[in-house]
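**Student:** So the sequence shown is residues 138 to 379, counted in our numbering.
A virtual CB, placed ideally from N, CA and C, is assigned to each residue, including glycine.
One structure coming up, written as structure tokens, with questions to follow.
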Amino acid sequence: MKRSRACLKSCNKSIELGSEKIDYLVEWRNVRYSRLHFRSGKLLVVLPKHLDSELSLLHKKQDWIVKKHAKIHNILKIAYDNAKENRIPILGQDFSIIPSEKFFFDPVQKIIRADLQNIRHRNKLLRSLKSLLADEIYSILNKYDDLTKSKKFEVMIRVQRTRWASYAPNGKLCFNLKMAFLSKEMMEYIVFHELTHIKERHHNGMFWKEVEERYPNFKEHEKELFNNWFLAQRYLEILSYE
């Protein structure tokens, strides 16, 4: 249950692994086994509450950590380079960010005029992105009429920490705002993935068989989504001025 897995305490640390300095967060939880995750580009170490140190685990998994850290660093560099040039990809197209005292969002001309240090501008921009993404998702849903059977879905756009989207049996589809920074091809794949849950609730063999029939290269899509997760997270941070 979620309550038993809640973080009991946490601590930010760093370690030298090879020639790399790795920043990481340690969380102690009511879990049986230790595990490692990369969330938002930073390493997360989850430990059972009875363990005092994570060092043996980090040295044991050193090669995996260094390789994954380098891969994510290279991915994030793309976002930093784009930010330096005041551009950002939205729905697969480059938008120009122009510093301005007055907010203006033009999806046709692909222009964002805003002061990203101004909280009102940031909130307006995030609302504009949510609206733009919702419209795109409704358009994609129309393409999958064979799955929806003309059923009407309620689309919600939120900032989610761990997943691109989720489907509820009551017809609610929740999508991550980070999807706004993906290509349209990836967006269509995510929507199809969630609609497949109408037939198969769980990620079992039948589920992936359904996905593979429409997307024979779905494994490549899954890998690309993993890489894009960190990229989209960074773009959202840039626009949110975090």
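Starting from P161, trace the beta strand (DSSP E) both ways and give me its first and last residue.
**Tutor:** Here residue 161 turns out to be Tyr, not Pro, going by the sequence shown. Start and end: 157-166.
**Student:** I'd like to confirm the pairing. Which residues does DSSP put opposite L154 in its beta bridges?
**Tutor:** Beta-bridge pairing links L154 to E157.
**Student:** Which residues bound the alpha helix (DSSP H) around D243?
**Tutor:** No alpha helix (DSSP H) contains D243, which is instead part of the beta strand (DSSP E) from 241-243.
**Student:** Compute the beta-carbon to beta-carbon distance between R250 and I235, rounded to the nearest angstrom, for a pair I have assumed lies under 8 angstroms.
**Tutor:** 5 angstroms
**Student:** Which residue comes first and which comes last in the beta strand (DSSP E) that contains K286?
**Tutor:** Where K286 is concerned, there is no enclosing beta strand (DSSP E), given that its DSSP letter is neither H nor E.
**Student:** Could you tell me which whole alpha helix (DSSP H) segments of length 4 or greater appear in the stretch 304-377?
**Tutor:** The stretch 304-377 contains these whole alpha helix (DSSP H) runs: 321-333, 342-351, 355-377.
**Student:** Would you mind reading off the limits of the beta strand (DSSP E) that contains H174?
**Tutor:** Unbroken beta strand (DSSP E) run through H174: 172-176.
**Student:** Please specify which runs of the beta strand (DSSP E), each continuous and at least 3 residues long, are wholly inside the stretch 239-280, giving them in chain order.
**Tutor:** 241-243, 248-251
**Student:** Just to confirm the assignment, what range does the alpha helix (DSSP H) spanning S190 have?
**Tutor:** Taken as a continuous stretch (DSSP letters only), S190 belongs to no alpha helix (DSSP H), as it is neither H nor E.
**Student:** Could you check the C-alpha separation between Y352 and A317 for me, to the nearest Å?
**Tutor:** Rounded to whole angstroms, Y352 to A317 spans 21 angstroms at the Cα level.
**Student:** Less than 7 angstroms between the C-beta atoms of E128 and K309, yes or no?
**Tutor:** In the structure as shown, the chain begins at 138 and stops at 379. Residue 128 is therefore absent and cannot be evaluated.
**Student:** Note the first and the last residue of the continuous beta strand (DSSP E) segment covering V292.
**Tutor:** 291-295
**Student:** Does DSSP put K381 in a helix, a strand or coil?
**Tutor:** One cannot answer for residue 381 here, as it falls past the ends of the chain, which runs 138 to 379.
**Student:** Output yes or no for whether 7 angstroms exceeds the beta carbon distance between F242 and S265.
**Tutor:** Between F242 and S265, the C-beta spacing is below 7 angstroms.
**Student:** Among residues of its own chain, excluding the 5 on either side of Y170, which ones have a beta-carbon nearer than 8 angstroms to its beta-carbon?
**Tutor:** Around Y170, the same chain offers P185 as residues with beta carbons nearer than 8 angstroms, after the five sequence neighbours per side are excluded.
**Student:** Who are I215's beta bridge partners in DSSP?
**Tutor:** In DSSP, I215 forms no bridge with anything.
**Student:** Classify A143 as helix, strand or coil using the three-state DSSP reduction.
**Tutor:** coil
**Student:** Where do the N-terminal and C-terminal ends of the beta strand (DSSP E) with R298 fall, by residue?
**Tutor:** Neither: R298 is in no beta strand (DSSP E) and is coded neither H nor E.
**Student:** Looking at L262 and L376, is the spacing between their C-beta atoms short of 7 angstroms?
**Tutor:** yes
**Student:** Could you say which of L332, I159, K346 lies nearest to D283 if we only look at CA atoms?
**Tutor:** L332
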